[in-house]
Structure formats: structure tokens, C-alpha cells
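Residue numbers (the working numbering): 1 to 281.
Each residue gets a CB set at the ideal place from its N, CA and C atoms; glycine is no exception.
Keep in mind that this is a model prediction, so the values were computed, not measured.
The block underneath contains the structure these notes are about, expressed in C-alpha cells.
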């Protein structure tokens, strides 16, 4: 009996510790949380068993030339388990939590060979700001690179496997409270859109690359305006002087990203939007 009580006590402590970790993940963004609907993703819209599939006409510069391609963003609800931080196969587990998965896939043709990028982002449904996990990979004829970003109470733990010299295999940590540039076309959908709203936040430069790079963090400024010409909400992001991104979101829920322009030419224009179970034959 004594052993059973000890096991139960340890189990309860573990559950409490994991719950506190989730709270600390949310607390990292306390300074900007008032500008967002925290429960934006906790709506029935995401519980219909279907995925939002948005296809964009995209542009990106590779080898000094602008490339045209399709970029597909898939957004769907999943149940994660805390043990492995992946979609669960056992829905009776006691450690489940809900996320929205955003998969972004691109095949970019170049003159000699194609580039492939797949990025998977997992956001807590209870808080659209918390990127619980992200993986991003690139594949082309020169090699492949895989990077994993795991959020905890102290920030983001990055594990990487790069084919580039001076990078190779390694790990590092990104400070708490930092948003990734790549999460913005999802997270900004949860904004409390209002003409003239401004705020600041640290932003880690785009990670969708075959390199780990310098992991530059900008002290960025956001400005929201009503773009009447396109009937969208415009979010202007100034990373630093000369580096300005613009995001345009539909005014009606679920506030789909309609258009994106970035300082370095990673541009998107919505081409097609649908909801269906893409995993079914």
C-alpha cells in the first residue's frame, strides 16, 4: 500500500510539474498577450475533422533570381501527448493536449535542380502565441538539413543537423519570449485587429533555410491598419531600418492570410482555399 501511495504521489507531482511548464510557456508572452485573442483557436471551426488547405502563389529569391512556385499551408487540429510531443495514437492517455498543426510545403524549381522545404509548426490551441514545437527541413541536390525547435519555460531549444561546414550537428537555445518570423502568418490571425494598434516584440529571423545561420533576433515593431483597398487588416512589421514585412488578413474569422510581402522577397498571394480531409484516399 505504501508503494502505491508513493507512485500516486510521484504521478501527481509529474502532472502538476507539466501543467506548470505549460503555464510558463504562456507567461513568456505576457507583455503582448493583451493584443491577441488567447483562445482564438479554441473554436468549433477547428473541430470538424477537416483541414484548412491554403495554396499561395509564391516568390522567393534563390541564386540571385526570383523563383515562382506554389506554397501550400495546411492547418488542422491534433491531439499531442506530452511524452513524445507528437500526434497521439492513444486517445485514452492522461497526458494529452490540443494543438493546431500548420504544415507549410514548397517545391521551388531552379535552373539546375529543385529545392524542397517542409515546415511543421504546432501551436497550443489555448494560446495562439505559443509555438510548442517546430520542425523544418530542406532537401536539394547538395544535401539535406533538419532543425527542431522545442518550446519550454526557459525559451526554445534548437537541435539541428546541417550539411553546411561550421554547422553540422549541434544544439543551442533561443531566449524566452521570442517569436519566430515563420509563425507570424498563423499567430497574427489571432490579433485583436484595430486601426492604429502598435506594439513591439523580439522576432527571430526566418528559419526556413538549409542553414542554421546566425539566429538573429530583431527588436521589431508592429503596426495594424485597415487596408480599405483590399478590405483586409494590414500588419506592418518593421524588423529594422530597411527591413519591413507586410501581412494582410481577412476581416472575418478565421482571418486567413490573404497576402504577404517581405523585405527579402518571400511573397505570398492566396490562390486557393478549401477544407477537406487530405489524408483520406
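Item                                                                                                                   : Value
Within 9 Å, strictly: CB atoms of residue 167 and residue 212                                                          : yes
7 Å Cβ shell around residue 42 - same chain, five flanking residues per side excluded                                  : 125, 126
Residue 134 CB to nearest heavy atom of the ligand SAH below 8 Å                                                       : Annotation note on the ligand SAH: not contained in the displayed structure, which lists no ligands.
Element boundaries [beta strand (DSSP E), containing residue 158]                                                      : 155 to 161
Whole-angstrom distance between residue 107 and residue 139, CA atom to CA atom                                        : 10 Å
Inter-residue spacing [alpha-carbon to alpha-carbon] between residue 101 and residue 214                               : 27 Å
Given residue 230 as reference, the closest of 251, 223, 218 once Cα atoms are compared                                : 251
Under the three-state DSSP convention, the category residue 250 falls into                                             : strand
Per-residue burial, residue 233 [other beta carbons within 10 Å of its own, 16 or more giving buried]                  : buried
Unbroken beta strand (DSSP E) run spanning residue 150, endpoints                                                      : 143 to 152
Spatial neighbours of residue 274 in its chain, beta-carbon cut-off 7 Å, leaving aside the 5 residues before and after : 53
Buried versus exposed, by CB contacts within 10 Å (16 or more), residue 276                                            : exposed
Distance, residue 189 Cα to residue 256 Cα                                                                             : 7 Å
Contact under 9 Å by Cβ, residue 158 with residue 171                                                                  : yes
Environment of residue 63 [buried if 16+ CB atoms lie within 10 Å]                                                     : exposed
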